[in-house]
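Read through the structure below, which is laid out as structure tokens, and then see the notes.
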Amino acid sequence: MIVMKFGGTSVGDAKQIRVVEQLVRAALPRKPVVVVSAHRGVTDKLIRLAREAVQRPVEIDELRRLHVAIMDDLGVNHSVIEENLNELSVLLKGITMVKELTLRTLDYVSSFGERFSSRIIAASFNKQGLKSSPFDAYDVGLLTDDNFGNASPLPEADEAIRSSLMECDGVPIITGFIGMTKDGNITTLGRGGSDFSATIVGGAIEADEVEIWTDVDGVMSADPRVVPGAVLLETISFEEASELAYYGAKVLHPATILPAMKKRIPVRVLNTFNPKAKGTVVLSSAPRSDRVVKSIVSKGGQYIVNISSERMLMGHGYLARIFDVFADHRVVVNMVATSEVSVSVTTDSPERLDLAVHDLSSFATVTVEKELAAVCVIGDGLKDTPGIAGDIFSAMKEHGVNVRMISQGASKINIAFMVAER
Numbered sequence: 001m002i003v004m005k006f007g008g009t010s011v012g013d014a015k016q017i018r019v020v021e022q023l024v025r026a027a028l029p030r031k032p033v034v035v036v037s038a039h040r041g042v043t044d045k046l047i048r049l050a051r052e053a054v055q056r057p058v059e060i061d062e063l064r065r066l067h068v069a070i071m072d073d074l075g076v077n078h079s080v081i082e083e084n085l086n087e088l089s090v091l092l093k094g095i096t097m098v099k100e101l102t103l104r105t106l107d108y109v110s111s112f113g114e115r116f117s118s119r120i121i122a123a124s125f126n127k128q129g130l131k132s133s134p135f136d137a138y139d140v141g142l143l144t145d146d147n148f149g150n151a152s153p154l155p156e157a158d159e160a161i162r163s164s165l166m167e168c169d170g171v172p173i174i175t176g177f178i179g180m181t182k183d184g185n186i187t188t189l190g191r192g193g194s195d196f197s198a199t200i201v202g203g204a205i206e207a208d209e210v211e212i213w214t215d216v217d218g219v220m221s222a223d224p225r226v227v228p229g230a231v232l233l234e235t236i237s238f239e240e241a242s243e244l245a246y247y248g249a250k251v252l253h254p255a256t257i258l259p260a261m262k263k264r265i266p267v268r269v270l271n272t273f274n275p276k277a278k279g280t281v282v283l284s285s286a287p288r289s290d291r292v293v294k295s296i297v298s299k300g301g302q303y304i305v306n307i308s309s310e311r312m313l314m315g316h317g318y319l320a321r322i323f324d325v326f327a328d329h330r331v332v333v334n335m336v337a338t339s340e341v342s343v344s345v346t347t348d349s350p351e352r353l354d355l356a357v358h359d360l361s362s363f364a365t366v367t368v369e370k371e372l373a374a375v376c377v378i379g380d381g382l383k384d385t386p387g388i389a390g391d392i393f394s395a396m397k398e399h400g401v402n403v404r405m406i407s408q409g410a411s412k413i414n415i416a417f418m419v420a421e422r
């Protein structure tokens, strides 16, 4: 069995859905399980409607027209999503009545994009003679915790998903991005979480491969908009892919790698708009490349939090106290650097940072640096190549770029540093 995940641009209109149908049909001998995102732009529209509904009544006419146009082009009966449209309309009216939008309710609203697309795509496949059934991910067992907006699967999800899909007749078309708590509240896995859904499902059924179909040919050595000479990486390791995702490569969701890595399942990134391209395959351990540096990625919107106190000197448990504060406020720490009396960390979680800084200030001096970007140089060859760090920072010096913080991960396959965002 394989899992085929199709992103929003890949199912953006009727023309692309027909391409997806051909790709799935060609994969029938491999017993595909399909995971789909919302149609292009729909999730953003849903979030905007939910936020506007707090202030005033809103209508879903634009969303209805968008989906009706796709269904008409595919020859699909509008009734396949009518119940969901009515449910969404009632929910938005409820938000207007209470004038409040909780994270739980926002997840509920956000879930409709995938619920619409899975039903439309399955109906289109069936109309073309490709037997398919739409499933909300939670109906096949994707149970999560209650961290609304960024939920994680529960351990028992694997067995539930496996049991459900083994009994499925035809091609399952499963909603990406969403799950459900044990007490029945819909959750989302974070933006880009459809990739996560695909590898959760792939891990559960022990798939031969997970295919991530998107709108690029694969993972590039750098952003081609910034580096015109960037090349396609045909093979990368799980470690390299994790670092790439963590530091901002938009092809893969950071958590996508984990469920597949645990089961040693290859993840292949492919282009729906160029299906003949080789793509990039992510393996548990990729063959060594001649390239010392495989890829360079950057991620803007970063903050450095500098924490200093003489209590650190010869103090026990001081670092634990600092990270307990970040954990309490769910601030994600990306990089760490320490000295005898100070700690510097980076984060891209500004919405919760002020509260964390307030708590840290009760026992340390805290400063925050803004408008920064993380640059990460990645490659298996870094750990065995003397002088590579010197080469990297010499290049920064030559171009007048001041490095504000440096970190090398325990894996030794990446060197990350902070610079001014510009």
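Just so it is clear: in the sequence shown, position 310 is 310 by the numbering used here, and no numbers are missing.
By construction, the Cβ of each residue, glycine as well, lies at the ideal position given by its N, Cα and C atoms.
Check: With which residues is residue 135 paired in a DSSP beta bridge?
Finding: 174
Check: If you compare alpha carbons, which of 373, 173 and 89 is closest to residue 108?
Finding: 89
Item checked: Beta-carbon spacing of residue 223, residue 212 below 7 Å -> no
Next item on the list: Taking 7 Å as the cut-off, decide whether the C-beta atoms of residue 199 and residue 259 are in contact.
Entry: yes
Item checked: Same chain, Cβ closer than 6 Å to residue 204, neighbours up to 5 away in sequence not counted -> 158, 161 and 162
Margin query: I need the boundaries of the beta strand (DSSP E) containing residue 342, first residue and last residue.
Written below: 342 to 347
Next item on the list: Can you grab the Cα-Cα spacing for the pair residue 175 / residue 192, in whole Å?
Entry: 13 Å
Item checked: 8 Å contact criterion, which residue 242 and residue 233 should meet: CB distance rounded -> That belief does not hold up - the Cβ atoms of residue 242 and residue 233 are roughly 14 Å apart, past 8 Å.
Note to self: Please classify residue 122 as buried or exposed, where buried requires at least 16 other C-beta atoms within 10 Å of its C-beta.
What the structure shows: buried
Check: Out of curiosity, what's the CA-to-CA distance linking residue 78 and residue 68?
Finding: 7 Å
Next item on the list: Note down the Cα distance separating residue 217 from residue 15, rounded to an integer number of angstroms.
Entry: 19 Å
Check: Counting Cβ pairs closer than 8 Å, one from the stretch 131 to 145 and one from the stretch 81 to 100, do we hit at least three?
Finding: no
Margin query: Could you give the first and the last residue of the continuous beta strand (DSSP E) run that contains residue 303?
Written below: 295 to 308
Next item on the list: Give a yes or no on whether the C-beta atoms belonging to residue 30 and residue 2 are separated by under 7 Å.
Entry: yes
Checklist line | Beta-carbon proximity check, residue 368 vs residue 325, cutoff 7 Å | finding: no
Note to self: Suppose the cutoff is 6 Å on Cβ atoms and the five residues either side in sequence are ignored; what does the same chain contact list for residue 4 look like?
What the structure shows: 32, 34 and 211
Note to self: Looking only at its chain, what residues have a beta carbon closer than 6 Å to the beta carbon of residue 190, apart from the 5 residues adjacent to it on each side?
What the structure shows: 150
Next item on the list: With DSSP as the reference, label residue 407 as helix, strand or coil.
Entry: strand
Item checked: The beta strand (DSSP E) enclosing residue 335, as first and last residue numbers -> 333 to 338
Checklist line | Cβ-based neighbour list, residue 423, same chain, cut-off 6 Å, excluding 5 preceding and 5 following | finding: Because the chain here runs from 1 to 422, residue 423 falls outside it and cannot be looked at.
Check: Would you call the stretch 372 to 384 and the stretch 283 to 303 touching, i.e. three or more CB-CB distances under 8 Å?
Finding: yes
Checklist line | 7 Å Cβ cutoff met for residue 320 and residue 374 | finding: no
Notebook entry, point to check: In chain order, what residues of the same chain lie with their CB nearer than 8 Å to the CB of residue 91, ignoring the 5 residues before and after it?
Noted result: 105, 108 and 109
Next item on the list: Report the residue from 392, 23 and 18 whose alpha carbon sits nearest the alpha carbon of residue 75.
Entry: 18
Next item on the list: Whole angstroms is fine: what's the gap from residue 36's alpha carbon to residue 27's?
Entry: 16 Å
Margin query: Going by C-alpha to C-alpha distance, which of 297, 343, 366 and 62 sits closest to residue 225?
Written below: 297
Margin query: Using CA atoms only, rank isn't needed, just tell me which of 406, 402 and 407 is closest to residue 422.
Written below: 402
Check: Can you give the Cα-Cα distance for residue 257 and residue 10, rounded to whole angstroms?
Finding: 21 Å
Next item on the list: May I have the straight-line CA-CA distance separating residue 179 from residue 201, to the nearest angstrom?
Entry: 12 Å
Check: Expressed to the nearest angstrom, what Euclidean distance is found between the alpha-carbon atoms of residue 207 and residue 166?
Finding: 12 Å
Note to self: Once DSSP output is grouped into helix, strand and coil, what is the label at residue 268?
What the structure shows: strand
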